[in-house]
Amino acid sequence: MRILLTGGAGQVGRALRRTLAGFGEVIAPDRDILDLASADSIGAAVRGARPDLIVNAAAYTAVDKAESEPDLAMSVNGAAPRVLAEEALQAGAMVIHYSTDYVFDGSKDGAYREEDLPVPINVYGRTKLAGERALADAGCPYFVFRTSWVYGPSGQNFLLTMLRLARERKELKIVDDQFGAPTPARAIAEATADAIAQISVKGRLDQDRFREMSGIYHMTASGRTSWYGFAVEILRGQEGVAALCPIPSAEYPSPAKRPANSLLDNSKLNKVFGISLPDWQVGLRMCMAELREP
């Protein structure tokens, strides 16, 4: 199997390099070769790779910056998935794409299901929703895995930011009225590999089964916490770190609005694939252990 992986240098992409390697050749071009802001670059990369499967782990993820760069965010998050899907259709390939809880406005009381109406409240969410819809309209077999609050042992994320700032400052004010399930990149990559294995026969993808199962699936850790609760767990047991102070979102204004409720219901993923990601606290302990490895 030939797999074209975009965003191979990112948090999820790095983890996917490891979990996808067992399926065949993983082609992960850097941005100089595959620029998601350029349709020509995407087309050339796909045709050159001749993939059986495209895994799109790349995205414009600077949520606040997207408010001032909506065109660039839309090119990467909205237009690029359409081009990837069109190229996949021509190549007879399939697509796996990652999306976000930010397609919802966060006003629901419980966890969001795949059939709930998306109502994004910021540019990032609108562009990611555009990418989802482009894939659905293209006609190629696809999975969209929506996830949330992604972090890992590398890159830019809440975990690493907390560990750094906790050593630099005496007090950290952390939002305590936004709720979600922090999800490690490694867990996403492992769940993705598990899903691929279930639609593979003797090292080849079953196109008919892939098409039959095509659609959107929520893929997050289980459990629930706030950003403040996440920070407390990150720093638990550590000495000489900043004091944590819970605050409401109103005291931490940002260019982009955030949903108050980012919880996603993962029951469809479990029902169709039998996949359940670990509780967010278990995932955090695993990631912290990775950070301690030499």
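Just so you know, the sequence shown maps onto residues 6 to 299 in the numbering used here.
Even glycine gets a Cβ: it sits at the ideal position worked out from N, Cα and C.
In this text, all values refer to a predicted model and were calculated from it rather than measured experimentally.
- The residues Val180, in chain order, have a CB closer than 6 Å to that of Tyr257 in the same chain once the five nearest residues on each side in sequence are set aside.
- Of the other Cβ atoms in all chains shown, 16 or more fall within 10 Å of the Cβ of Val155; this residue is therefore buried.
- DSSP, read as helix, strand or coil, puts Asn271 in coil.
- CA-to-CA, the gap between Gly144 and Tyr222 works out to about 17 Å.
- In the three-state reduction of the DSSP assignment, Lys178 falls in the strand class, which pools E and B.
- Taking a cut-off of 8 Å for Cβ pairs, the region 261-277 and the region 111-127 touch, as three or more such pairs fall below it.
- Taking the Cα of Pro253 as reference, the smallest distance to any Cα among Trp232, Lys273 and Glu238 is reached at Trp232.
- Secondary structure remark: continuous beta strand (DSSP E) runs of at least 3 residues inside the region 125-211, in chain order: 147-152 and 176-180.
- Ile47 sits in a helix when the DSSP states are folded into three classes.
- Collapsing the DSSP output to three states places Asp121 in coil.
- Relative to the Cα of Trp285, the nearest Cα in the group Leu274, Pro260, Met218 and Thr230 belongs to Thr230.
- Per DSSP, Ile239 has no beta bridge partner at all.
- Counting of Cβ neighbours within 10 angstroms places Ile8 among the buried residues, the total reaching 16 or more.
- Distance from the CA atom of Val68 to the CA atom of Glu238, rounded to whole angstroms, is 24 Å.
- In terms of Cα proximity to Asp213, the closest of Arg118, Ala98 and Phe184 is Ala98.
- By the neighbour-count criterion, in which 16 or more other beta carbons inside 10 Å mark a residue as buried, Ile32 falls on the buried side.
- Scanning Gly13, Ser73, Gly27 and Val51 for the CA closest to the CA of Gly208 turns up Gly27.
- In this chain, the beta strand (DSSP E) harbouring Val31 covers Glu30 to Ile32.
- The beta carbon of Gly29 sits closer than 7 Å to those of Met6, Arg7, Ile8 and Gly208, all from its chain and outside the five residues before and after it, given in chain order.
- Going by DSSP, Leu58 is part of the beta strand (DSSP E) stretching over Leu58 to Asn61.
- The way I'd put it, the region 125-140 doesn't touch the region 276-296; fewer than three beta-carbon pairs between them come closer than 8 Å.
- Gly136 sits away from Gly220, with the two beta carbons spaced by 8 Å or more.
- Rounded to the nearest angstrom, the gap between the Cα atoms of Asp40 and Arg118 is 32 Å.
- The three-state secondary structure of Pro251, taken from DSSP, is strand.
- In this structure Lys133 is buried. Its beta-carbon is surrounded by 16 or more other beta-carbon atoms within 10 angstroms.
- If you ignore the 5 residues before and after Ser80, its C-beta comes within less than 7 Å of the C-beta of Ala42, all in its own chain and listed in chain order.
- Looking at the DSSP output, Asp284 sits in a beta bridge with Ser227.
- If you draw a straight line from the Cα of Ala255 to the Cα of Glu173, it comes to about 24 Å.
- Distance from the Cα of Gln161 is smallest, within the candidate group Ala96, Asp211 and Thr66, for Thr66.
- The straight-line gap separating the alpha-carbon atoms of Pro86 and Pro56 is approximately 15 Å.
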